[in-house]
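Visitor: Sequential numbering of the sequence shown, starting at 627, is according to our numbering. Where is the CB? At the ideal position from N, CA and C, for every residue including glycine. What you are looking at is a predicted structure, and each value in this text was computed from that prediction instead of being measured. Please read through the structure below; I'll follow up with questions.
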Amino acid sequence: MNQRAIWDAIWSKPGHQEWDPLSEQIYLTLLRECGSPAGLKILEAGSGSGRISLRLACNGANVILVDYSEKAILLAQKAFKAKDCSAEFILADITELPLADQSVDISWNSGVLEHFSTSQQIEVLKEMKRVTKQGGKIISFNPNARCLPYRVGKYVAEITGSWPYGIENPVTTLSAICEKAGIRLEKEYSIALVESLDFLCFVPNSGYVRSAMETFLKSLSKEEMELFPGYLLVSVMLC
627 MNQRAIWDAI WSKPGHQEWD PLSEQIYLTL LRECGSPAGL KILEAGSGSG
677 RISLRLACNG ANVILVDYSE KAILLAQKAF KAKDCSAEFI LADITELPLA
727 DQSVDISWNS GVLEHFSTSQ QIEVLKEMKR VTKQGGKIIS FNPNARCLPY
777 RVGKYVAEIT GSWPYGIENP VTTLSAICEK AGIRLEKEYS IALVESLDFL
827 CFVPNSGYVR SAMETFLKSL SKEEMELFPG YLLVSVMLC
């Protein structure tokens, strides 16, 4: 099954509009990096269910959702309609965005680049840069290769044939990709450490260990928590 078919199958299943702790982490990070979304034109390049863009739209952003999966676009359209929120929905490949140069304030994605080859990642970032206004930001969230719970869960799922997401290459940094795409990487940091424990569901009989790890992590101070790499690497780029 190719990547597009895999994602069409994923987006055909129910439950993708549920607001979970990971969605909250991503949303709060976007607010921290971009400020209030009200009045901003924000592109999600590889939008999937669109639930975070929906939250941005409900708080005043003008959002554009681009995905190559028709199932994903239809899912997002249905969710926006249910909330009486408007958006622009585009069925397209994000390596060739059908948008004008410097037409958005912010472009972002989450859980997207890791499914592309290095050359495709460069093309995606070049396109995101092209459509983002000078002085705007590009923000990309990608699985962190240094996050142990995620890596263990993914490893077990792959060797047992239960990994549902196809090709997925976690990253340590986007610095080389940004350099080749001609983009200035401002900073990188990780988020969602506790949420990474969800991947232990792929490990048989891991319930006790997961519970113990969660209790331990939640007992830590913010400073201690930052000693451990989180599930998502946040890469903030300037245009």
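#1: With 16 as the cutoff for other CB atoms within 10 Å, does residue 785 come out buried or exposed?
#2: Check whether the Cβ atoms of residue 779 and residue 827 lie closer than 8 Å to each other.
#3: Any idea if residue 645 is buried or exposed, counting beta-carbon neighbours within 10 angstroms, 16 or more meaning buried?
#4: Taking the alpha-carbon of residue 723 as reference, which of 753, 712, 746 has the nearest alpha-carbon?
#5: Name the two residues that bound the continuous alpha helix (DSSP H) containing residue 786.
#6: Starting from residue 761, trace the beta strand (DSSP E) both ways and give me its first and last residue.
#7: For residue 646, does the three-state DSSP call read helix, strand or coil?
#8: According to DSSP, is residue 838 part of a helix, a strand, or is it coil?
#9: Drop a sphere of 10 angstroms on the beta-carbon of residue 676, count the other beta-carbons inside from all chains shown, and report buried for 16 or more, exposed for fewer.
#10: Return the CA-CA distance between residue 777 and residue 771, expressed in angstroms with no decimal places.
#11: Would a C-beta distance cut-off of 8 Å place residue 803 and residue 728 closer than the cut-off?
#12: Check whether the stretch 636 to 645 and the stretch 661 to 670 are in contact - that is, three or more C-beta pairs closer than 8 Å.
#13: Under the rule that 16 or more other beta-carbon atoms within 10 Å means buried, what is residue 658, buried or exposed?
#14: Going by C-alpha to C-alpha distance, which of 807, 633, 629, 653 sits closest to residue 817?
#15: Cα separation between residue 696 and residue 674?
#16: Measure the alpha-carbon distance for residue 819 versus residue 794 and round it to whole angstroms.
#17: What is the residue span of the beta strand (DSSP E) that residue 813 lies within?
#18: Can you check whether the CB of residue 683 is closer than 8 Å to the CB of residue 713?
Guide: In short:
#1: Answer is exposed; the Cβ neighbour count stays below 16.
#2: yes
#3: exposed
#4: 753
#5: 774 to 786
#6: Element bounds for residue 761: 758 to 769.
#7: In this structure, residue 646 counts as coil in the three-state DSSP scheme.
#8: helix
#9: buried
#10: 7 Å
#11: Result no, Cβ atoms of residue 803 and residue 728 do not sit closer than 8 Å.
#12: no
#13: By the neighbour-count rule (16 or more Cβ atoms within 10 Å), residue 658 is not buried but exposed.
#14: 653
#15: 10 Å
#16: Near 19 Å, if we compare the C-alpha coordinates of residue 794 and residue 819.
#17: 810 to 817
#18: yes
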